[in-house]
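Protein chains in written order, with the working numbering: chain A, 95 to 413; chain B, 95 to 413.
Cβ coordinates follow ideal geometry from the N, Cα and C atoms, glycine included.
These notes concern the structure reproduced below.
There are 2 protein chains.
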Amino acid sequence: MRIALLGFGNVGRALARLLASQRPAFPFQIAGIHTARHGTALDPDGLPAEPAFGPAAASAGEFLDRAGAEVLVEITPLDPVSGEPAVSHIRAAFARRMHVVTANKGPIAHAYASLREEAERAGVLFRFESTCMDGAPVYNLIRSTLPGVRILGFTGVLNSTTKVVIEAMREGRSMQEGIGEARRLGITEADAAYDIDGWDSAAKTAALANVLLDARVTPQQVRTQGIGRLTPERVMDLAAKRKTVRLVSRARRGADGTRLRVRAEVLDETDILASVQGTSNLLLLHTDLMGTIGTVSISPGVAQTAYGVFADLVEIWRR
Amino acid sequence: MRIALLGFGNVGRALARLLASQRPAFPFQIAGIHTARHGTALDPDGLPAEPAFGPAAASAGEFLDRAGAEVLVEITPLDPVSGEPAVSHIRAAFARRMHVVTANKGPIAHAYASLREEAERAGVLFRFESTCMDGAPVYNLIRSTLPGVRILGFTGVLNSTTKVVIEAMREGRSMQEGIGEARRLGITEADAAYDIDGWDSAAKTAALANVLLDARVTPQQVRTQGIGRLTPERVMDLAAKRKTVRLVSRARRGADGTRLRVRAEVLDETDILASVQGTSNLLLLHTDLMGTIGTVSISPGVAQTAYGVFADLVEIWRR
């Protein structure tokens, strides 16, 4: 199976290494890579893990035409406000009857319903396991292991930066010091406000709701309140009472549509939502037949995000 | 698809109701039910959810011959020491080229490797999702969503009674009062020592290790130490230090085989292993490609165990 990569940052490099390590059991070749920064690399017989780049193709579409791949892996940097350019890249692939895997939550948060319909019309598959929990099975879990189940809602602790900041505040450090710590860990966006004010969580909440609850919303429609007003004094006061704070995403189906909320919540320290720290994530799914079950991912990194893309590629290949 | 049930306790009744509610999307019929207590009920067109029982068939084998089903669901009461009679029931089904689903951890803890080989020889499927986490996806998760992943070990908090007893002790109540509380919740075996001394956890640990790590062990080979010597004073002392106790199952592949252990461990209250309370379960899987990921099930009951059996039936049906 030949793969075209749009984007080649940390996830792309980790994916290239993973694909090399998993051959020949999984015979996937990277036929082309295109990035705004490095240019374009093409080889129908498969590029090496550290390819040499030539001049950039004129457009993503021209790159896809030349790569001759069956699957696009879309891993360009995210514009959280619009979901672009990922949405246009995915549409360009569908127009060429290519399957698509993305690790980019923007398209799912902004345009999932229409992209799903376009994939169906083109007769191709559209997969995005790594968009939410860094590659831990969520969408594939529901699709493959929960037949007949209806998801009624979810509760998640999905943002890493705020967890690192809150833990820093528990030790008396300032929000800026906490943000610095998160930057050193490589988990904070260029603009930390994107995490602190809850927009990262809102995008993840909208993406999950669009897929799991057919909510057809954008991140802007999630009622969002971040941790911007939290102080070390408040967090230490709460710690003395065996409480802490987490930025919690909540969604529930209701008679009048889906209720979506991101908010800094005060929790008992012993609450499972409080137990996830650092880059660890937790997502609880509320269901009709299986009660509440959850997935937790402990300290995932870029290798796990790449693995989620790989798992999606395997599913496409097996079909 | 026609199903034969061996056993018809709480799980069997919940399964019968679930199957009725999921038709016609999932066209499963219960063609026969056989229990030591109620006798035998047979109807090739499908029994109602509350069937009338006639005289008992002479043996499980005779029942299977008369039921004419494609799948056996084995849910008889467990003998934790031997895994019988479930193991013999499953073999009787394989001998008749029937697929088997069991919610009974005994056969997996005692005889998984040979049962798997017998199923392969008979050309049938053998599934057991509900044996470990009350129906939450564990085995199906790994089989369906983690291609190429090698499980290196696991850490689990899998026994409910001990969690209820420890929580009672935190409030100053005695072990006997805690056991009484667990009995009222309907989660404790007739002999509470089976939970308190760790044998339930050892059976779950052996079952998981047999499937996930090809360990080929029995529960007797798990190094097991229960919570029998724990006192309310000790638990309250620990609580004052923001610590608590959980009966933790741990398994690790090693150069010299698989190391398996069940032990009462002192944990920080904020540890995710400490955060699961009551009947909730948590299992963390340590993997090569996906780091550590986990499944949590919040307060599952008999309906979730029945759902796990149903999910297995759907997988067999789809094949």
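Take the alpha-carbon of B:Ala154 and the one of A:Arg111: they are about 53 Å apart. C-alpha of A:Leu354 to C-alpha of A:Ser343: approximately 8 Å in a straight line. Sequence-distant partners of B:Ile124 (beyond 5 residues in either direction) whose C-beta falls short of 7 Å from its own C-beta, in its chain, are Ile97, Leu99, Ala110, Leu113, Gly140 and Leu141. A:Phe120 carries a coil assignment under DSSP once its states are collapsed to helix, strand and coil. Per DSSP, the unbroken beta strand (DSSP E) holding B:Gly247 starts and ends at Ile245 to Val251. Look at A:Gln319 here: in three-state DSSP terms it is strand.
For B:Val403, there is no enclosing beta strand (DSSP E); the residue is part of the alpha helix (DSSP H) that begins and ends at Val396 to Arg412. At least 8 Å separates the CB of A:Gln270 from every CB of chain B. Contact check for B:Gly247 against B:Ala345 passes: the beta carbons are separated by less than 8 Å. Proximity of the segment 388-407 of chain A to the segment 401-413 of chain B falls short of the contact definition, fewer than three beta-carbon pairs being nearer than 8 Å. Chain order gives no chain A residues near B:Ala358, where near means a beta carbon separation below 9 Å; the closest approach is about 18 Å. DSSP, reduced to helix, strand and coil, places B:Gly148 within a strand of the structure shown. Collapsing the DSSP output to three states places B:Asn304 in a helix. At the C-beta level, A:Gly250 and A:Leu376 come within 8 Å of one another.
Contacts with chain A (Cβ-Cβ distance below 8 Å) from the segment 342-368 of chain B involve Glu363, Thr364, Asp365, Ile366 and Ala368, listed in chain order. A:Ile290 places its beta carbon less than 8 Å from that of A:Gly320. Of all residues in the segment 390-406 of chain B, only Val390, Ser391, Ile392, Ser393, Pro394, Gly395, Ala397, Gln398, Tyr401, Phe404 and Ala405 come within less than 8 Å of chain A when Cβ atoms are compared, listed by chain position. Within the DSSP bridge table, the entry for B:Ala161 names no partner.
At a Cβ-Cβ threshold of 8 Å, A:Val165 and A:Ile410 count as neighbours. For the pair A:Leu209 and A:Ala397, the Cα-to-Cα distance works out to about 27 Å.
The beta carbons of A:Pro313 and A:Ala203 sit closer together than 8 Å.
Residues of chain B whose Cβ lies closer than 9 Å to the Cβ of A:Met384 are, in chain order, Gly229, Ala230, Pro231, Ser391, Pro394, Ala397, Gln398, Tyr401, Gly402 and Ala405. Residues of chain B whose Cβ lies closer than 8 Å to the Cβ of A:Gln116 are, in chain order, Gly242. In this structure, the straight-line span from the alpha carbon of A:Glu178 to that of A:Ala296 is close to 17 Å.
Counting along the chain, the unbroken alpha helix (DSSP H) around A:Glu212 starts and ends at Lys199 to Ala216. CA-CA distance, A:Gly388 to A:Ala303, rounds to 16 Å. For A:Arg185, the uninterrupted alpha helix (DSSP H) run begins and ends at Ala180 to Ala189, by DSSP. Between the C-alpha atoms of B:Thr134 and A:Leu378 there is a straight-line separation of about 41 Å. B:Ile387 belongs to the set of residues whose beta carbon lies under 8 Å from a beta carbon in chain A. Within chain A, the C-beta atoms nearer than 8 Å to that of B:Asn234 come from Ser238 and Thr239, in chain order. The secondary-structure analysis by DSSP pairs B:Ser391 across a beta bridge with A:Ile387 and B:Asn375.
DSSP links A:Phe220 through a beta bridge to A:Val194. Judged by DSSP secondary structure, A:Lys257 falls within the alpha helix (DSSP H) whose first and last residues are Ser254 to Arg264. When secondary structure is reduced to three states using DSSP, A:Asp362 falls in the strand class. Using a Cβ-Cβ cut-off of 8 Å, B:Leu378 counts as an interface residue toward chain A, since at least one Cβ of chain A sits closer than that to its own.
DSSP lists B:His128 and B:Glu168 as the bridge partner or partners of B:Leu100.
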